[in-house]
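Visitor: Protein sequence lines correspond, in order, to chains P and L. Counting from 1, one number per residue, gives the positions in the first sequence under the UniProt record's numbering. Counting from 1, one number per residue, gives the positions in the second sequence under the UniProt record's numbering. Just so it is clear, CB atoms sit at the ideal spot from N, CA and C, and this is done for glycine as well. Predicted, not measured: the structure shown is a model, and the values here were computed from it. This structure is in structure tokens; I'll ask about it shortly.
Number of protein chains: 2
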Amino acid sequence: MSKIKETSTNFANKQALADECPEAYAANIIGGQWALVICSWLFNGKLRFGELRKLLPNITERMLTLQLRKLEEYKIVKRTVYAEVPPRVEYELTAIGYELKPIIKQLEEWGAKHRELSGES
Amino acid sequence: MSKIKETSTNFANKQALADECPEAYAANIIGGQWALVICSWLFNGKLRFGELRKLLPNITERMLTLQLRKLEEYKIVKRTVYAEVPPRVEYELTAIGYELKPIIKQLEEWGAKHRELSGES
DNA sequence: TCATTTACTTACATTTTTTATAGTACCTTA
DNA sequence: TAAGGTACTATAAAAAATGTAAGTAAATGA
């Protein structure tokens, strides 16, 4: 787990910003490299660790683990472990996680539009 | 300007993700530590460099410059330099930049709600 | 006994982002 | 002549994020 240095200026700045600005608070949570994309896939329903890995071809197991752990910590996803061998672990969005759907959808639309504009100029 | 190493795996991953997922594309653009907050302030109208610096008490001049340059590069903000001494530079959102407003507003609402949930449990 | 499967974990290396500190140019005003 | 204000730039360092490679446990089937 990537430990954050709680004495760093960066940590203090993030805290202060998040305290004042809910959008910065939100960005800290969903801001990793893969978090939004993981959520996007989970909007369609539960997925196993291995399934997610296949859907995100370039992600390493380490990064997938880290991102899922972070999302779990913030209660965006729920992790269910089945006592089987080989192990089976399923990930699904929580209620608050699912509420990201319209936001991500809008972000997608904005991104597509922005790319179009940039491509033309 | 922070140069990106175009031979790194990280660069390739970001590219590939952004190509396929508009939300990842968007996240790359507005994903910096201060970008969203800068945009938030600019929704209310033009601001000078020094005004932004005062509104973001902990930001360094370097970071503010970097973030503004990035936002300018992606046509989110427009930079206007007045040929005066001492210099005056104004920043304002472009049309596509302004279209982030509803998204950021929703993010704020989501963030506030998430924080509330986390505080209670 | 041995390989197989799955979801990790660990140690380490590299890359990217953020912070720190000290400058600079320019004209105006004192 | 000197100080002051504005929006920066240069350089270095610290911190954070991401990537690489290898290893682990535990039951099952061969």
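Specify, as a first and last residue, the run of the alpha helix (DSSP H) that L:T9 falls within.
Guide: From DSSP, the alpha helix (DSSP H) with L:T9 extends over T9 to E20.
Visitor: Which same chain residues end up closer than 6 Å to P:N13 when comparing Cβ atoms and leaving out the 5 residues on each side of it in sequence?
Guide: No residues qualify anywhere along the chain.
Visitor: Nearest chain P C-beta to L:S8 closer than 9 Å, yes or no?
Guide: Taking Cβ atoms only, chain P never reaches closer than 9 Å to L:S8, which makes this a no.
Visitor: Buried or exposed: L:A95, going by 16 or more other Cβ atoms within 10 Å of its Cβ?
Guide: By the neighbour-count rule (16 or more Cβ atoms within 10 Å), L:A95 is not buried but exposed.
Visitor: Are the CB atoms of L:T38 and P:L107 nearer to each other than 9 Å?
Guide: Note that residue 38 of chain L corresponds to Ile in the displayed sequence, not to Thr. The answer is no: Cβ separation not under 9 Å.
Visitor: Give, in chain order, every residue of the segment 25-50 of chain P whose Cβ lies closer than 8 Å to some Cβ of chain L.
Guide: Going along the segment 25-50 of chain P in chain order, one finds Y25, A26, A27, I29, G31, Q33, W34, L36, V37 and S40 with a Cβ nearer than 8 Å to chain L.
Visitor: Ends of the alpha helix (DSSP H) at L:L68?
Guide: First-last of the alpha helix (DSSP H) with L:L68: E61 to E73.
Visitor: Report the residue from P:E6, P:Y91 and P:E61 whose alpha carbon sits nearest the alpha carbon of P:K75.
Guide: Measuring from the Cα of P:K75, the nearest candidate turns out to be P:Y91.
Visitor: Does the distance from the C-beta atom of P:A27 to that of L:L17 stay below 9 Å?
Guide: No.
Visitor: Is the beta carbon of L:G97 less than 9 Å from the beta carbon of P:G31?
Guide: No.
Visitor: Based on Cα-Cα distance, which residue from P:L52, P:T80 and P:V81 lies nearest to P:Q67?
Guide: Measuring from the Cα of P:Q67, the nearest candidate turns out to be P:L52.
Visitor: Look at the Cβ atom of P:V77, then the Cβ atom of P:R88, and state whether they are nearer than 9 Å.
Guide: Not a contact, by the Cβ cut-off of 9 Å.
Visitor: Give, in chain order, every unbroken run of the alpha helix (DSSP H) that is at least 4 residues long and sits entirely within the UniProt domain "HTH hxlR-type" (21-119) of chain P.
Guide: Listed in chain order, the complete alpha helix (DSSP H) runs (minimum 4 residues) inside the UniProt domain "HTH hxlR-type" (21-119) of chain P are 22-30, 35-42, 49-55, 61-73 and 95-98.
Visitor: Quick one: Cα of L:M1 to Cα of L:R69, how far?
Guide: Unreliable positioning characterises L:M1 in this predicted model, as indicated by a pLDDT of 38, which lies under 50. A coordinate reading is not provided.
Visitor: Is the beta carbon of P:F49 closer than 9 Å to that of P:L93?
Guide: No, they are not a contact pair.
Visitor: Since I believe P:L64 is in contact with residue 128 of chain P (beta carbons under 8 Å), could you give me their beta-carbon distance rounded to a whole number of angstroms?
Guide: Since the first residue of chain P shown is 1 and the last is 121, residue 128 of chain P is not available in this structure.
Visitor: Would you report the Cα separation of P:Q33 and L:K5, rounded to the nearest angstrom?
Guide: In a straight line, the C-alpha of P:Q33 is about 17 Å away from that of L:K5.
Visitor: Using a Cβ cut-off of 9 Å (strictly closer), state whether L:E108 contacts chain P.
Guide: Yes, its Cβ sits closer than 9 Å to a Cβ of chain P.
Visitor: Give a yes or no on whether the minimum CB-CB distance between P:G111 and chain L is below 9 Å.
Guide: It does: the Cβ of P:G111 has a partner Cβ on chain L nearer than 9 Å.
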